[in-house]
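All remarks here apply to the structure that follows.
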Amino acid sequence: MNKIFYLYLLFYPVNPVKNTNSYTIETRDTRHEINIPLTRIQKLIGERMLESKMSKSCFYIESKADVTELMGSRHRLKKTLGVKITTNAFYIRALSLAVKKYPVMVGTLDGDNIRIADSINVGFAVNAPQGLVVPVIKTADKKTLAEIARLEKSLTEKARSGKLTLEEMEGETIALSNLGVYGIDSFVGIVPPSASAILAVGNVIRTASARDGKMTVRKMLSLSLAADHRIINGTYAARFLNFITEQLQNPQQLV
125 MNKIFYLYLL
135 FYPVNPVKNT
145 NSYTIETRDT
155 RHEINIPLTR
165 IQKLIGERML
175 ESKMSKSCFY
185 IESKADVTEL
195 MGSRHRLKKT
205 LGVKITTNAF
215 YIRALSLAVK
225 KYPVMVGTLD
235 GDNIRIADSI
245 NVGFAVNAPQ
255 GLVVPVIKTA
265 DKKTLAEIAR
275 LEKSLTEKAR
285 SGKLTLEEME
295 GETIALSNLG
305 VYGIDSFVGI
315 VPPSASAILA
325 VGNVIRTASA
335 RDGKMTVRKM
345 LSLSLAADHR
355 IINGTYAARF
365 LNFITEQLQN
375 PQQLV
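Residue numbers (the working numbering): 125 to 379.
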């Protein structure tokens, strides 16, 4: 299994774009060193993620979902719903419904109390010309799969054209990171500063499986959850991740 421990997309984008960021490279002829200046966004993300990593007591759990039916439903849903349903739209929908059932996943420490966020806002990263940005789908649990798909498409386009507003990047209460588009089987994300958990999604892999006494090929998805143990215990997180797995394996529940 190809597994990497990943710093929440600091150096790798979630959504590929044709034009990557350009850098001015300075060289020192005497020692043949290469210096690549950090952009303002890279510096900010690095500082915030380091602070988050140092301040949270995170643990990690993993699961696998059989998404054969989900992947096969995308073409049909595009016709019936009138919008292209990306895998991210499914993940955001499943994640938001799971948080609705397990609200402590969007809790944060407030002195001696755990404060539960009043809305489920899912942040997902986009690689834009100006650097990594994280649009936020607010009140995701109150939106249909089609609404999430349209909003994800709109926010991604705005991010890549540099037109995201500050409001569209604020309020993240839980995070989604997807490196499956790069062929990464599984990885572990870093919980962002404003949240207490992040779901990391890997590649969909064709896997031989025995069903009803016969060998068949299924499409399997790796899911990894990182959570702050100061707020979320292992059993609670396991039930949360199992619920997401069940939703993805029964995509009709997400429509």
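All C-beta atoms, glycine included, are put in the ideal place defined by N, C-alpha and C.
Asked                                                                                                                                                              : Found
Counting only beta-carbon atoms, is Val379 nearer than 8 Å to chain B?                                                                                             : The chain inventory of the structure shown lacks chain B, comprising one protein chain alone.
For the putative contact between Ile216 and Ile272, defined by C-beta atoms under 8 Å, what is the C-beta separation to the nearest angstrom?                      : 5 Å
Report yes if the CB atom of Val191 is closer than 8 Å to the CB atom of Leu372, and no otherwise.                                                                 : yes
Using 8 Å as the threshold, is the region 169-184 in touch with the region 333-351, meaning 3 or more CB pairs across them?                                        : yes
Excluding sequence positions up to five away, which residues of its chain have a Cβ less than 6 Å from the Cβ of Phe364?                                           : Ala222, Tyr226 and Met229
In terms of residue numbering, what span does the alpha helix (DSSP H) encompassing Asn327 cover?                                                                  : Counting along the chain, Asn327 falls outside any alpha helix (DSSP H), though it belongs to the beta strand (DSSP E) covering Ala321 to Arg335.
Let's see if you can read the secondary structure: which residues bound the beta strand (DSSP E) around Leu349?                                                    : Lys338 to Asp352
Under 8 Å, with one C-beta from each stretch per pair, do the region 258-276 and the region 288-301 reach the 3-pair mark?                                         : yes
Are the beta-carbon atoms belonging to Gly210 and Glu276 less than 8 Å from one another?                                                                           : At residue 210 the sequence reads Thr, which differs from the Gly that was named. Yes. Within cutoff.
For the alpha helix (DSSP H) containing Ser197, list its first residue and its last residue.                                                                       : Thr192 to Leu205
If I follow the unbroken alpha helix (DSSP H) through Ser453, where does it start and stop?                                                                        : Because the chain is modelled from 125 through 379, residue 453 falls outside the range shown and cannot be assessed.
Would you list the one or two residues that DSSP bridges to Ser301?                                                                                                : Ala324
Pull up the CB-CB distance for Leu378 and Leu269, whole angstroms please, since I reckon it's below 8 Å.                                                           : 5 Å
Scan the region 216-286 and note each continuous beta strand (DSSP E) run of 3 residues or more that stays entirely inside, going in chain order.                  : 231-234, 237-240, 246-248, 250-252 and 255-257
Rounded to the nearest angstrom, what separates Lys282 and Lys266 at their Cα positions?                                                                           : 22 Å
May I have the straight-line CA-CA distance separating Arg342 from Ser197, to the nearest angstrom?                                                                : 14 Å
Compute the Euclidean distance between the alpha carbons of Phe311 and Val325, then round it to the nearest angstrom.                                              : 8 Å
Need the endpoints of the beta strand (DSSP E) that Ile158 sits in, please.                                                                                        : Glu157 to Asn159
Output needed for Arg274: all residues of its chain with C-beta closer than 8 Å, excluding positions within five of it in sequence on either side, in chain order. : Val207
Run through the DSSP bridge pairs and tell me what Ile185 is partnered with.                                                                                       : Leu349
Counting along the chain, where does the alpha helix (DSSP H) carrying Leu378 start and finish?                                                                    : Premise fails: Leu378 is in no alpha helix (DSSP H) and is neither H nor E.
Asn302: buried (16+ other C-beta within 10 angstroms of its C-beta) or exposed?                                                                                    : buried
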